[in-house]
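Q: Residue numbers 11 to 251, in the working numbering, belong to the letters of the sequence shown in order.
Backbone N, C-alpha and C define an ideal beta-carbon position, used for all residues, glycine too.
Since we're looking at a predicted model, the values are computed, not measured.
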Amino acid sequence: MNTRVAIVTGARQGIGQAIAIELARRGMRIALVDLKPSDETMAVIGKGVLDIVADVSTDEGWQEIGRRVDEHFGRADIVVNNALFFARGAIDELDVEGWRRSFAVNLDAQFHSARHIAPRMRDNRWGRFIAISSNSIGTAEIGLSAYMATKMGAIGFMRGLANDLGGDGITCNAILPSLTETPQTASLPEEARRAVWSLQAIKRMAQPQDVTGAVAFLASDDASFITGQALVVDGGLYKIS
């Protein structure tokens with residue numbers, strides 16, 4: 011039986027929910043983290059799951075996550091930082107609070123997670139940090155400056171962290187999915203979806219399940235020599251556009 015413990019943030023719905031379910035299917039024990047209870051995800055997974063309500067953007071939130079994981083599982087092996095705050099607006103429309111909250115949730119959380127969970131991984135000389143970034147860093151779409159800055163920052167942080175932790179058997183990588191079908195993107199008009207599809211080699215909207223295989227691979231022993239990398243999962247958009 012796989013005894014490893016994966017912490018998945020933003021696990022209540024969308025990509026995070028799909029990741030948690032897939033890792034559980036592969037035998038891992040799962041800690042779900044979100045601002046609200048992840049009841050639906052828990053119901054699907056069943057046994058071996060811990061639901062934590064915490065704010066991942068704060069140091070205190072990660073202290074609580076670490077404490078709960080220690081109490082319930084006694085170890086932490088994998089962190090998938092998927093929680094997202096999306097502030098859209100051109101520079102003359104974006105307010106300071108939206109900018110700061112974007113960085114707190116999308117980037118500061120990466121730092122807090124490493125600060126609090128990496129010492130636990132060192133105890134076992136094995137660990138995985140996986141950041142869910144975005145392939146939108148290669149676009150120049152109006153209104154995405156805060157989002158793109160945080161997602162590029164996540165890639166840079168994973169590369170730096172890979173150097174810091176590589177000697178401890180801990181790998182750090184980012185995954186860059188394209189526009190994905192989630193509750194957050196459900197309201198997008200059809201023309202916006204088709205605008206993305208037209209640039210992809212695979213002509214459809216990405217599904218959360220398209221991302222889970224990449225996460226599961228990077229979380230496995232098979233990826234033990236892969237670190238500091240950005241894995242693009244976008245139906246061919248980033249390469250051919």
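1. Is it right to say Phe139 is buried, meaning 16 or more other beta carbons lie within 10 angstroms of its own, or is it exposed?
2. Taking the CB atoms as reference points, tell me whether Ala34 and Ile25 lie closer together than 9 Å.
3. According to DSSP, is Asp69 part of a helix, a strand, or is it coil?
4. Let me confirm a value: Ile212 is counted as buried when at least 16 other C-beta atoms fall within 10 Å, else exposed. Which label applies?
5. Helix or strand or just coil, what does DSSP make of Gly179?
6. On the three-pair Cβ rule with 8 Å, is the segment 98-113 touching the segment 181-196?
7. Give the C-beta separation of Ile17 and Val79 to the nearest angstrom, bearing in mind that I take them to be a contact with Cβ-Cβ under 8 Å.
8. For Glu32, which residues from the same chain have a beta carbon less than 8 Å from its beta carbon, with the 5 sequence-adjacent residues on both sides left out?
9. Excluding the 5 residues flanking Gly76 on each side, which residues of the same chain have their C-beta closer than 8 Å to its C-beta?
10. Only counting runs of 4 or more residues, tell me where the alpha helix (DSSP H) segments fall wholly within the segment 56-117, in order along the chain.
11. By a C-beta neighbour count over all protein chains shown, 10 Å radius and 16 as the cutoff for buried, is Asp118 buried or exposed?
12. Given a cut-off of 9 Å, decide if Val59 and Thr68 are closer than it, judged by their beta-carbon atoms.
13. Can you check which of these residues, Ala114, Thr192, Asn183, is closest to Ala159 by C-alpha distance?
14. What residue ranges within the segment 176-242 form continuous beta strand (DSSP E) runs of no fewer than 3 residues, ordered along the chain?
15. What is the residue span of the alpha helix (DSSP H) that Ala124 lies within?
16. Do the CB positions of Val43 and Ala93 come within less than 9 Å of each other?
17. Can you name, in chain order, every residue of its own chain whose Cβ lies under 6 Å from the Cβ of Glu191, other than the five neighbours on each side?
A: Taking the coordinates as given:
1. buried
2. no
3. helix
4. exposed
5. coil
6. no
7. 6 Å
8. Gln219, Thr222, Gly223, Val225, Ala226
9. Ala86, His126, Ile127, Arg130
10. 69-82, 106-113
11. buried
12. no
13. Ala114
14. 180-187
15. 119-134
16. yes
17. Met215, Gln217
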